[in-house]
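Novice: A single structure is presented below for examination.
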Amino acid sequence: MKKILVIGSGALKIGEAGEFDYSGTQALKAIKEEGIETILVNPNIATVQTSEGIADKIYFLPIYPKFIKKVIEKEKPSGLLLSFGGQTALNCGVKLFEKGVLKKHVLKVLGTPIESIIASEDRDIFRDKLNTMNIKTARGIVVHSLEEAFSASEEIGFPIIIRTSYALGGLSSGFAHDKKELATLIDIALSHSSQILIEESLKGWKEIEYEVMCDRYGNCITVCNLENFDPIGIHTGDSIVVAPSQTLPNSEYQKLRTFSLSIARAFGIIGECNVQFALSPNSEDYRLIEINARLSRSSALASKATGYPIAFIAAKLALGYGLHELKNYVTQTTSAFFEPSLDYVVCKFPRWDLKKFSRSSTQIDSSMKSVGEVMSIGGSFEEAFQKGLRMLDIGLEGFINPKKKR
Amino acid sequence: MSISSSMVRNIRKTLKIFPHVRRIDTLSAEYPAYTNYLYMSYHAYRHDIDYEGDGRSVVVLGSGVYRIGSSVEFDWCCVNTLKVLHSEGYRSIMINCNPETVSTDFDECERLYFEELTLERVLDILELETPKGTIVSMGGQISNNLAFPLHQNKQRILGSLATSVDEVEDRYKFSKALDILGIEQPMWKEFSKMNDIQTFIREVGYPILIRPSYVLSGSGMNVIFNVEELRYFFDKLETSEHSVVISKFIENAKEIELDAVAHKGDLIYHAVSEHIEFAGLHSGDATLVYPPQNIYLSTFQEIERISKQIAQYFHISGPFNIQFISKNNRIQVIECNLRASRSFPFISKVSGFNMIRLATEVMLGKLTNPCGIFFSFNYIGVKVSYFSFSRLPGTDPVLGVDMVSTGEVGCLGNNFYECLIKAMLSAGFSVPVKHLLISGEISSLKEDFINTIKLLVYKGYKLFSTEEIYPFLMDYGLTSKLLSWPGVHHFPNVFDYLRKKKIYFIINIPHNKYSEIDNNYTLRRSAVDFNIPLLTNTSLAKAFIRAFCKEELTIAEWKSYLTV
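Chains Y and E, in that order, are what the protein sequence lines are. Throughout the first sequence, residue numbering follows the numbering used here, covering 1 to 406 in sequence. Throughout the second sequence, residue numbering follows the numbering used here, covering 1001 to 1564 in sequence.
See the structure below:
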């Protein structure tokens, strides 16, 4: 491998923000260390990854197949990294693959194979695969029109959740309690995606995530698990998130961990993936919600929360290394083939800026609305929680009642 | 009884209650793990690290949480500052609490405190670190706001004096200073009562701009066009401990930005860039062009003269930014910040001259000489804002003095139009195929706008219009298909055309927010929901149309521009 093309995530947007500057920058550093030439396409001129000394060549161009194709023709790279630029880079890569551009230029997608990415993103393939593994997924039907959506809703029963494939930040997804709400959501969803999933609502269940690293030999570890403070129904990006999970007994923790590892292997992940579960608060019943076969907001959080350089190691795994062959670059002494264990608690808090927008609703739901986040570290949950509220810079001094009479 | 936080802090210290520094231990002490990741906790009883106390440390305050108006650009500034500290032989210490940044990465600094950017916590850290000094001018508004309180607590701030930062940030004090210097600014007065405002308005006339001090990205800023809006704003106004200034709002004025570095009051490097849109649109939402294409040499000289005066008066050392408006060759100052601005990375990357490096060297007291000015005949850079309206159901995708963009892109090109089209495509716009809808207010549509539309017709585009626009286009001999408003049950209807995706691009010119009618809002919102590119600013719409009618795009990497 002589020259590798990395695709960035473009402008910061709700659902795709600074985390991809972090992951792209680490990936570029990891490749550069191997003496491989790096080409970066990212029009986000304010990022660190588009600075002097990170990539060998930088193209400030739109993340569109048309432009990436031209860069490929010009630079003739031999490898392509898609998983460090969020959904934007991934979608673009899938289109290049489908148009045969990658094949024509003998360009190899490094890390998780593109077929696996497609399988993890296509709701039908995804569900079938998990069914064969006896892993429970939420009951759902893929539809392509309003008529199909109506009949699907009758089969599943209201309330239902609507999701589109290849969506970031839960864009154009939402809950519908009746046919009227369903029609409105479907209308909008269809203009963004041709494939829509109608799914049983798991509102009120716990939302638990695992960050998994996997190498090409099938070695797998979970770096960390994250527990959403807000239940299913609130987008993770809008939820307070705690690491490690605080309310799971060992049996639940281990069950979901085992599932995560086998799913990562089954999908042929090479690098990093994020696995999301819904867990019933009243029993050990669970549903697998989705997997992200790429670096995500959660992986940036998990990386900072544990001190495990997820993006850096993921890039090394994509180059073909095994977990056992790498050291943990943060600690310098330990191996990368270990599961971090924490003697502290981490909280992530979202920050909204909704009052800047005219006519915006301040209700949070399954579509992400926050524009930023902070992470706090404490010796106890309470300490981390109070710190996090102060970090938000919204005038809070912690979880206290300012109106309470002294 | 009311008690200040500094009093609580003092009591806490006398009672010997201190947070201790803990090192992040990924391995729960199962194996030794040495990291430079630190946090503070009241659950600890000793520090995990030893302090050198050699005065070779420099602390950089990060940007904290990303919000509209403060995001990745300040992370870039901080990371570059850390690099310079390292190469100049200082121990780089970072305080930040944002997990989506590079400045909180394991290999960017020598010690990282994943901590609050509150006065209390920063003081705790500084008292342990006893650094050579603290840099507050790279993390945007949160860190800059700590300059004065830290100074009051006897901490050394590197760069401009904390008292100067305070004078510039306080709009009342700053406006006073400009008066002393004889620098023009829009007519202003300090806000106190509704009656006072009305007296002021009788003097200067509508529209007026209301601005509270210490604000970021225009929050709480408002342009007021008439008495109803004034009442509406007055009801909404949140009480602020800082002063509020009202000024005359100048319409149809050009907005110009200056990003600069000064050394002990001497201007040593500066970059002038211009907005495509007229003043009134927040600078964070505006389209920025660098080097500027439409500024008189005399304007350049005047801006340079004023900037030198300001740098001198406030004895600026380090990065700063001034915003100007220019109308009929009158240059006026509207805002100044003694810190790195949002546009520093864009300006630095277009010119290939890293302004953060220079600013940091200045702040470290390194001898620095004037560095000239960047100019290029061969290429330019354009920065375009990205809006996340599609992710916020129901919001009106309209722009104003309050910033609403969540991100930005910047591209390089051989000329303005090529560069603009690249940047706009990067920001999610697409070149419309055939059908274009023009709607909204006609008062801002002038002759040159019509000429641009004629170019489209010449290129074979089909025009669609709404009520007010239809006869207006007719007057200029342009035929368009009239579509009725969404609420009206007449056919052909705008909403149907959008839903069926028969329109590929929409220009909607809003007059101003308060007098807005629902139809325009519904149209704009539908554009967002149905994923149809929408522009609401005539200047940008004109430039975009000219750009896509014209240009062939070149594919070239960053450095190949710089070496031309």
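A virtual CB, placed ideally from N, CA and C, is assigned to each residue, including glycine.
Report yes or no: do the segment 1436 to 1444 of chain E and the segment 1465 to 1484 of chain E share at least 3 C-beta pairs separated by less than 8 Å?
Specialist: At 8 Å Cβ cutoff, the stretches touch.
Novice: Give me the Cβ distance between Y/Leu288 and Y/Lys129, rounded to the nearest whole Å; I'm assuming they're in contact under 8 Å.
Specialist: Rounded, the Cβ-Cβ distance is 11 Å, inconsistent with contact.
Novice: Is there a Cβ from chain Y that is less than 8 Å from the Cβ of E/Pro1432?
Specialist: Chain Y, which has no Cβ nearer than 8 Å to the Cβ of E/Pro1432, makes this no.
Novice: Please report whether the beta-carbon of E/His1275 lies at a distance below 8 Å from any beta-carbon of chain Y.
Specialist: Taking Cβ atoms only, chain Y never reaches closer than 8 Å to E/His1275, which makes this a no.
Novice: Using the C-alpha atoms, what's the distance from E/Cys1411 back to E/Ser1426?
Specialist: Spanning the two alpha carbons is a distance of roughly 8 Å.
Novice: Determine, using beta carbons only, whether E/Ile1125 and E/Glu1110 come nearer to each other than 8 Å.
Specialist: Going by C-beta atoms, E/Ile1125 is not nearer than 8 Å to E/Glu1110.
Novice: Please state the DSSP three-state secondary structure of E/Gln1293.
Specialist: Here E/Gln1293 sits in coil by DSSP.
Novice: For Y/Asn225, write down the residues that DSSP places opposite it in a beta bridge.
Specialist: DSSP lists Y/Tyr210 as partners of Y/Asn225.
Novice: Candidates Y/Phe385, Y/Arg139, Y/Ile291, Y/Ser51: which alpha carbon is nearest Y/Lys348's?
Specialist: For Y/Lys348, the nearest C-alpha among the options comes from Y/Phe385.
Novice: Any beta carbon of chain E sitting closer than 8 Å to that of Y/Ser51?
Specialist: Yes, Y/Ser51 lies at the interface with chain E (some Cβ there is under 8 Å from its Cβ).
Novice: With a CB to CB cut of under 8 Å and the five nearest residues on each side skipped, what residues in its chain are close to Y/Ile4?
Specialist: Excluding positions up to five away in sequence, the list reads Ile31, Ile36, Glu37, Thr38, Ile39, Pro77, Ser78, Gly79, Leu80, Leu81, Leu110.
Novice: Please identify the residue among E/Cys1549, E/Ile1545, E/Ser1002, E/Trp1076 whose C-alpha is closest to the C-alpha of E/Arg1357.
Specialist: It is E/Trp1076.
Novice: What does DSSP give as the partner residues of Y/Met375 in its beta bridges?
Specialist: Per DSSP, Y/Lys348.
Novice: From the beta carbon of E/Phe1278, is the nearest beta carbon of chain Y less than 8 Å away?
Specialist: Closer than 8 Å: no.
Novice: In the segment 373 to 384 of chain Y, which residues sit with their C-beta less than 8 Å from some C-beta in chain E, listed in chain order?
Specialist: From the segment 373 to 384 of chain Y, only Glu373, Val374, Met375, Ser376, Ile377, Gly378, Gly379, Ser380, Glu383 have a Cβ closer than 8 Å to chain E.
Novice: Within the segment 1062 to 1143 of chain E, note down every full beta strand (DSSP E) run reaching 3 residues or more, in order along the chain.
Specialist: Runs found: 1091 to 1096, 1111 to 1114, 1133 to 1135.
Novice: On the CB-based measure, 16 or more other CB atoms within 10 Å of its CB, does Y/Arg390 come out buried or exposed?
Specialist: Result: buried.
Novice: For Y/Ala302 versus Y/Ser116, is the C-beta distance shorter than 8 Å?
Specialist: For Y/Ala302 and Y/Ser116, no; Cβs fall outside 8 Å.
Novice: For E/Thr1395, which residues in chain Y fall below 9 Å Cβ to Cβ?
Specialist: Within 9 Å Cβ-Cβ: Leu354, Phe357, Ser358, Arg359, Ser360, Ser361.
Novice: Which residues does DSSP pair with E/Leu1565 in a beta bridge?
Specialist: Residue numbering for chain E in the displayed model covers 1001 to 1564; residue 1565 of chain E lies beyond these limits and cannot be assessed.
Novice: Rounded to a whole number of angstroms, what is the C-alpha to C-alpha distance between E/His1151 and E/Phe1324?
Specialist: The alpha-carbon atoms of E/His1151 and E/Phe1324 are separated by roughly 29 Å.
Novice: Thinking just about the alpha-carbon of each residue, which of Y/Gly157, Y/Ser193, Y/Thr236, Y/Glu34 is nearest to the one in Y/Ser201?
Specialist: Checking every option, the nearest Cα to that of Y/Ser201 belongs to Y/Gly157.
Novice: Could you confirm whether any beta carbon from chain Y is found closer than 8 Å to the beta carbon of E/Ile1024?
Specialist: By this cut-off, E/Ile1024 is an interface position.
Novice: Are the beta-carbon atoms belonging to E/Glu1073 and E/Met1094 less than 8 Å from one another?
Specialist: No, Cβ-Cβ distance for E/Glu1073 and E/Met1094 is not below 8 Å.
Novice: Just how far apart, CA to CA, sit E/Pro1486 and E/Thr1522?
Specialist: Distance between the alpha carbons of E/Pro1486 and E/Thr1522: 7 Å.
Novice: Identify the contact partners of E/Val1398 in chain Y, using a Cβ-Cβ distance below 9 Å as the criterion.
Specialist: Those within 9 Å of E/Val1398 in chain Y are Ser358.
Novice: At a cut of 8 Å, does the segment 1305 to 1312 of chain E reach the segment 1169 to 1185 of chain E through at least three beta carbon pairs?
Specialist: Yes, since at least three Cβ pairs between the segment 1305 to 1312 of chain E and the segment 1169 to 1185 of chain E fall closer than 8 Å, the two stretches touch.
Novice: What are the residues in the segment 1063 to 1086 of chain E lying within 8 Å of chain Y by C-beta distance?
Specialist: For the segment 1063 to 1086 of chain E, which is checked against every Cβ of chain Y, the residues closer than 8 Å are Gly1064, Val1065, Tyr1066, Arg1067, Ile1068, Ser1071, Val1072, Glu1073, Asp1075, Trp1076, Val1079, Asn1080.
Novice: Report the residue from Y/Phe84, Y/Lys69, Y/Leu90 whose alpha carbon sits nearest the alpha carbon of Y/Gly100.
Specialist: Comparing Cα-Cα distances from Y/Gly100 to each of Y/Phe84, Y/Lys69, Y/Leu90, the minimum goes to Y/Lys69.
Novice: Mind listing the chain Y neighbours of E/Asp1124? Cutoff is C-beta to C-beta under 7 Å, in chain order.
Specialist: Going along chain Y, no residue has its Cβ under 7 Å from E/Asp1124, so there is no contact; the nearest lies around 12 Å.
Novice: May I ask you to report which of helix, strand or coil DSSP gives E/Asn1519?
Specialist: E/Asn1519: helix per DSSP, three-state reduction.
Novice: Could you have a look at Y/Gln276 and say whether DSSP puts it in helix, strand or coil?
Specialist: Strand.
Novice: Which one of E/Tyr1417, E/Ala1044, E/Met1040 has the shortest CA to CA distance from E/Gln1293?
Specialist: Ranking E/Tyr1417, E/Ala1044, E/Met1040 by Cα distance to E/Gln1293 puts E/Tyr1417 first.
Novice: How far does the alpha helix (DSSP H) with E/Thr1452 in it extend, from its first residue to its last?
Specialist: From DSSP, the alpha helix (DSSP H) with E/Thr1452 extends over 1447 to 1458.
Novice: Let me see if you follow: with CB-CB separation under 8 Å, is E/Arg1391 close to chain Y or not?
Specialist: For E/Arg1391, the answer is yes, since a Cβ of chain Y falls inside 8 Å of its Cβ.
Novice: How is the beta strand (DSSP E) around E/Met1040 delimited, first residue to last?
Specialist: Here the beta strand (DSSP E) through E/Met1040 covers 1037 to 1041.
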